[in-house]
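Novice: Right, I'll just put the structure down here and ask away after.
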Amino acid sequence: PNVLIIVADDLGWDDVSFHGSKQIYTPNIDALASDGITFTNYYVSPLCTPSRSALLTGKHPIHIGTQHFVIAAASPWGTSLDVKMFPQYLKELGYKTHLVGKWHQGHHKKEFLPTYRGFDSHFGYRHGKGDYYDHSDLERYWGYDIWRDLKPVYKEYNNSYSTTIYKDEVKTLIKSYQNSSHPFFIMFSPMAVHAGGSYSSFQAPKEYVDRFPHIKDLHRRMFAGMLAALDDAIGEIFEELSKSEAIDNTIILFTSDNGGVPSGFSQETSAGSNWPLRGAKYTLWEGGVKGISFLWSKLLKKSGYIYENLIHIQDWLPTLYSAIGGSKSSLPSDLDGKDFWEALSNAKLEPVRSEILHNIDDKLGVYALRYKNYKIVYGTNYNGELDGWFKPAGSESEKNKFEYSGVVSEILKKYGAKLEPKQIKIKCGKKQSNAVVNCKPQACVFNIKSDPCEYNNIADKEVEMKKYLVQRVLWHNKTAIAPNNKPRDPKANPLY
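Going left to right, the sequence shown walks through residues 931 to 1426 as my numbering numbers them.
Structure below.
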C-alpha cells in the first residue's frame, strides 16, 4: 500500500472543529477523522525537531539526541546519522519516497539532508519556518530557504503561497504513480499553521481569511485562514488520490507535531489554541504534548471509532511498517515505538502500551512521564509564562457550524461512508482556587483521566505512585544519550 503522512505544524488541540473548536471549521480534516480512527490519548513531543525525529526513526528523542530544543539556522548538528529513518526501511521494500515541505532534522552537511536519509526527492525547506510567500528565513542569518533536492529554487517560487505550492507538488507526485509498479511514501509537511517568517507571523490568501468574519481578533482570524488553506489542500490531495485510483490502497496518517502557541507569548507570535488544556508548545503540560491525529485507510478492518489508549508519535514507524507487510525482524530490536496496527485495525481495546515518556531535558531541568492514568511533571521554562490555561483569542460567542461539507465528505459518501457527527471534547474537572502550581522543587502528579486539564496536583495524596513515577523517570534517564546540540556556527548556515 501507499503511505501518505500529513504533519501539521504548531496545530493546537482546539484548532480543529472535530475537537469542538467554536471558531474554526476544518471540514476535510473532520470528515477523514470521522471515517477513520481518532485518538484521545495520542502524544507528541513539545517541539518540532524532536517530534519529527521520533516519527521518522521510531525512537524517543532522548535516545537520538534531539531532546533539547530545535535545530536553528546555524546549528552544526542534526538527528544522529547512525539511526535509520522510515524512508530507508521503505526503500528496501521497493517504495519510492518523497518529502514535501519541512525537514528540520539537520542541514549543516549534505549527509544530514533528506535525499541522503532515504528520500528520493525533497521539495521544501530545511529549517523550522519561513515566509509563506517569498520563502525567506530570518533567524539571526537571513536567506531564502526553499529547495528542490540540493538546488535552491527561491526565484522560481517567489510570491507563491507555501501551502499551495506544496499541495500542488503532492498532487503531481500522486498523479505520476498512476501506472507505476512502485508504491509511494509521501510525507506532506507544510509550514501551516506555524507562524510565518520575516515580515509577518500571519500569512494567508484573503479568500481564506474572509471565511471567518465571525472571529473578531485579527490574528486569530488570519490563523484560521492559514488553517483553512491547509484543510482545502488536504481535500484536494484526497481528491487526487480518488482520481488516480490510489485511494483503495493508501494509508493516510495525520499528526500534529506539538501543541499550539497561544496569543501573547513573548518569544513567538502566533494565535493557536489548546483550550481547555493546560500549557502550550515548548511545555510538557497536556497543551504542549497532546497531539491531534487520525488514521484513515480502506485497509483498516474497523474504522470510524475513537481509540482511547495511550499511543505516541514514535509508534507510527513500526505500526505503518507492519501495515504495509514489513517483517518485524527487519526492524531494530531497540526501537522505542510499538506496533499498533493489529490493535487499531481490529479495534482491540487492550492497551498496547501503559507508559509514555514525554521528555527528560536535563539542560532545561524539566521532565514528564505518563503511566496509565497518572502523570508526573517537574520543572518549568520561560519563567512559567506558558504554565497556565489560554482561551482562544476572541469572544466565547464565536461559534461555527460543525458539518461535513468539504470535498472529502463528498468522495467518502460516494463510497458509502455515513460520517456520523463525532466531536472529541475534553471535560475538565473542578478547578481549585490554587490550581496554578509550581512543579519545582517538588514534582507534581496528576490523574489525567479524571483531571485532563491538570488542575489538581495530587502528589501529596499519591505518595507511592509518585515514588514509582520518579523511579521510572530515573530508569529512562539512565538510557538517555547527551543532546546533539552544538553552539551556533555561521558556517553551518546554508548558503542560499
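Each residue gets a CB set at the ideal place from its N, CA and C atoms; glycine is no exception.
Give me the Cβ distance between Tyr1096 and Val1139, rounded to the nearest whole Å; I'm assuming they're in contact under 8 Å.
Specialist: In the sequence shown, residue 1096 corresponds to position 166, counting from 1. In the sequence shown, residue 1139 corresponds to position 209, counting from 1. Incorrect: roughly 19 Å between the Cβ atoms, too far for contact.
Novice: Quick check on the burial criterion: 16 or more other C-beta atoms within 10 angstroms. Buried or exposed for Glu1434?
Specialist: A query on residue 1434 cannot be resolved here, the shown segment of the chain reaching from 931 to 1426 and no further.
Novice: Give a yes or no on contact between the stretch 958-977 and the stretch 1257-1264, applying the rule of three or more CB pairs nearer than 8 Å.
Specialist: With the cut-off at 8 Å, the stretch 958-977 and the stretch 1257-1264 do not touch.
Novice: Whose C-beta lies closer than 8 Å to the C-beta of Tyr1304 among residues of the same chain, with five residues either side of it excluded?
Specialist: As a first step, residue 1304 must be located in the sequence shown, where it is residue number 374. Only Val1375, Phe1376, Asn1377, Ile1378, Glu1392, Met1395 and Leu1399 meet the Cβ criterion.
Novice: Short check: CB of Tyr972 to CB of His1288, under 8 Å?
Specialist: What you label residue 972 is simply residue 42 of the sequence shown in a count that begins at 1. What you label residue 1288 is simply residue 358 of the sequence shown in a count that begins at 1. No; because the gap between Cβ atoms is not below 8 Å, this pair is not in contact.
Novice: Evaluate contact between the stretch 1112-1123 and the stretch 932-946, counting only Cβ atoms and requiring at least three cross-stretch pairs below 8 Å.
Specialist: The stretch 1112-1123 is in contact with the stretch 932-946.
Novice: Under the DSSP definition of a beta bridge, which residues are partnered with Phe1049?
Specialist: For this step, residue 1049 is matched to residue 119 along the sequence shown. Phe1049 pairs with nothing; no bridge assigned.
Novice: Could you have a look at Ser1010 and say whether DSSP puts it in helix, strand or coil?
Specialist: Your numbering for residue 1010 matches position 80 in the sequence shown. Coil at Ser1010, not helix or strand.
Novice: Mind checking Ala1412: buried by the 16 CB within 10 Å criterion, or exposed?
Specialist: The sequence position of residue 1412 within the sequence shown is 482, counting from 1. Exposed.
Novice: Can you give the beta carbon distance from Gly1008 to Asn1414, rounded, assuming they're within the 8 Å contact cut?
Specialist: Residue numbering aside, residue 1008 sits at position 78 when the sequence shown is read from its first letter. Residue numbering aside, residue 1414 sits at position 484 when the sequence shown is read from its first letter. Correct: roughly 7 Å between the Cβ atoms.
Novice: Note down the Cα distance separating Asp1064 from Tyr1237, rounded to an integer number of angstroms.
Specialist: Position 134 of the sequence shown, counted from the first residue, corresponds to residue 1064. Position 307 of the sequence shown, counted from the first residue, corresponds to residue 1237. Going by the C-alpha atoms only, they are around 41 Å apart.
Novice: By alpha-carbon positions, which one of Tyr1046, Asp1390 and Ile1241 ends up nearest to His1028?
Specialist: Residue 1028 sits at position 98 when you count from the first residue of the sequence shown. Minimum Cα distance to His1028 is reached at Tyr1046.
Novice: How would you label Ser1443, buried or exposed, when you count the other beta carbons within 10 angstroms and need 16 or more for buried?
Specialist: Here the chain covers residues 931 to 1426 and nothing more, so residue 1443 does not appear.
Novice: CA-CA distance, Ile1181 and Pro1371?
Specialist: As a first step, residue 1181 must be located in the sequence shown, where it is residue number 251. As a first step, residue 1371 must be located in the sequence shown, where it is residue number 441. Looking at the two C-alpha atoms, the distance is approximately 45 Å.
Novice: Extract the residue ranges of the alpha helix (DSSP H) inside the stretch 1127-1214, only unbroken runs of 4 or more that lie entirely within it.
Specialist: List check, alpha helix (DSSP H) in window: 1136-1139 and 1148-1173.
Novice: Enumerate, from N- to C-terminal direction, the unbroken alpha helix (DSSP H) stretches of 4 or more residues contained entirely within the stretch 951-997.
Specialist: Taking only runs of at least 4 residues, the alpha helix (DSSP H) segments lying wholly in the stretch 951-997 are 957-965 and 978-987.
Novice: My output table needs one value for Met1395: the three-state DSSP class, helix, strand or coil.
Specialist: For the purposes of this step, residue 1395 is taken as residue 465 along the sequence shown, with counting starting at 1. Met1395 falls in the helix class under three-state DSSP.
Novice: May I have the straight-line CA-CA distance separating Gly1234 from Ala961, to the nearest angstrom?
Specialist: Here residue 1234 corresponds to residue number 304 of the sequence shown, with the count starting at 1. Here residue 961 corresponds to residue number 31 of the sequence shown, with the count starting at 1. One C-alpha to the other measures close to 10 Å.
Novice: Taking 8 Å as the threshold (C-beta atoms), are Pro976 and Asn1188 in contact?
Specialist: For the purposes of this step, residue 1188 is taken as the residue at position 258 of the sequence shown. For the purposes of this step, residue 976 is taken as the residue at position 46 of the sequence shown. In contact: Asn1188 and Pro976 (Cβ atoms closer than 8 Å).
Novice: Express the C-alpha separation of Val1282 and Pro1382 in angstroms, rounding to a whole number.
Specialist: The count along the sequence shown starts at 1 and reaches residue 1382 at position 452. The count along the sequence shown starts at 1 and reaches residue 1282 at position 352. Going from the Cα of Pro1382 to the Cα of Val1282 covers about 21 Å.
Novice: Alpha carbon to alpha carbon, what distance is there between Thr979 and Phe1168?
Specialist: To locate residue 1168, count along the sequence shown from 1; it is residue 238. To locate residue 979, count along the sequence shown from 1; it is residue 49. Distance between the alpha carbons of Phe1168 and Thr979 is about 27 Å.
Novice: Is the CB-CB distance between Gly1190 and Asn1204 below 8 Å?
Specialist: On the sequence shown, residue 1190 is found 260 positions in, with the first residue counted as 1. On the sequence shown, residue 1204 is found 274 positions in, with the first residue counted as 1. Cβ atoms of Gly1190 and Asn1204: closer than 8 Å.
Novice: Cutting at 8 Å between CB atoms, please list the residues of its own chain near Ser951, excluding the five before and the five after it.
Specialist: By 1-based counting over the sequence shown, the position of residue 951 is 21. Asp944, Asp945, Ser1203, Pro1322 and Asn1330.
Novice: Taking all protein chains shown into account, do 16 or more other C-beta atoms lie within 10 angstroms of the C-beta of Gly1346, making it buried, or fewer, making it exposed?
Specialist: Residue 1346 sits at position 416 when you count from the first residue of the sequence shown. Its Cβ having fewer than 16 others within 10 Å, Gly1346 is exposed.
Novice: Just checking my contact of Tyr1055 with Lys1032 at CB under 8 Å: how many whole Å lie between their CB atoms?
Specialist: Counting from 1 along the sequence shown, the entry for residue 1055 is found at position 125. Counting from 1 along the sequence shown, the entry for residue 1032 is found at position 102. With 8 Å as the limit, Tyr1055 and Lys1032 qualify as a contact, their Cβ atoms being about 6 Å apart.
Novice: Do the CB positions of Asp1269 and Gln1244 come within less than 8 Å of each other?
Specialist: As a position in the sequence shown, residue 1269 is number 339, starting the count at 1. As a position in the sequence shown, residue 1244 is number 314, starting the count at 1. Cβ distance not < 8 Å, so Asp1269 and Gln1244 don't count as in contact.
Novice: To the nearest angstrom, how far is the alpha carbon of Ile1290 from that of Trp1405?
Specialist: Locating residue 1290 in the sequence shown gives position 360, where the first residue counts as 1. Locating residue 1405 in the sequence shown gives position 475, where the first residue counts as 1. Looking at the two C-alpha atoms, the distance is approximately 11 Å.
Novice: Spatial neighbours of Lys1278 within its chain, please: CB distance less than 8 Å, with the 5 preceding and 5 following residues excluded, ordered by chain position.
Specialist: In the sequence shown, residue 1278 corresponds to position 348, counting from 1. Contacts found: Glu1272.
Novice: Considering just the uninterrupted stretch of the alpha helix (DSSP H) at Ile1388, what are its terminal residues?
Specialist: Counting from one through the sequence shown, the residue named residue 1388 turns up at place 458. Counting along the chain, Ile1388 falls outside any alpha helix (DSSP H), and DSSP gives it neither H nor E.
Novice: Rounded to the nearest angstrom, what separates His1149 and Thr1199 at their Cα positions?
Specialist: For the purposes of this step, residue 1149 is identified with residue 219 of the sequence shown, where counting begins at 1. For the purposes of this step, residue 1199 is identified with residue 269 of the sequence shown, where counting begins at 1. Going from the Cα of His1149 to the Cα of Thr1199 covers about 9 Å.
Novice: Can you tell which of Asn1407, Lys1026 and His1242 has the C-alpha that lies nearest to the C-alpha of Ser1186?
Specialist: Residue mapping note: residue 1186 aligns to position 256 of the sequence shown, counting from 1. Ranking the options by Cα distance to Ser1186, first place goes to His1242.
Novice: In chain order, what residues of the same chain lie with their CB nearer than 6 Å to the CB of Ile1306, ignoring the 5 residues before and after it?
Specialist: In the sequence shown, the residue the question calls residue 1306 occupies position 376. Closer than 6 Å at Cβ, skipping near neighbours: Leu1299, Ala1373, Val1375 and Leu1399.
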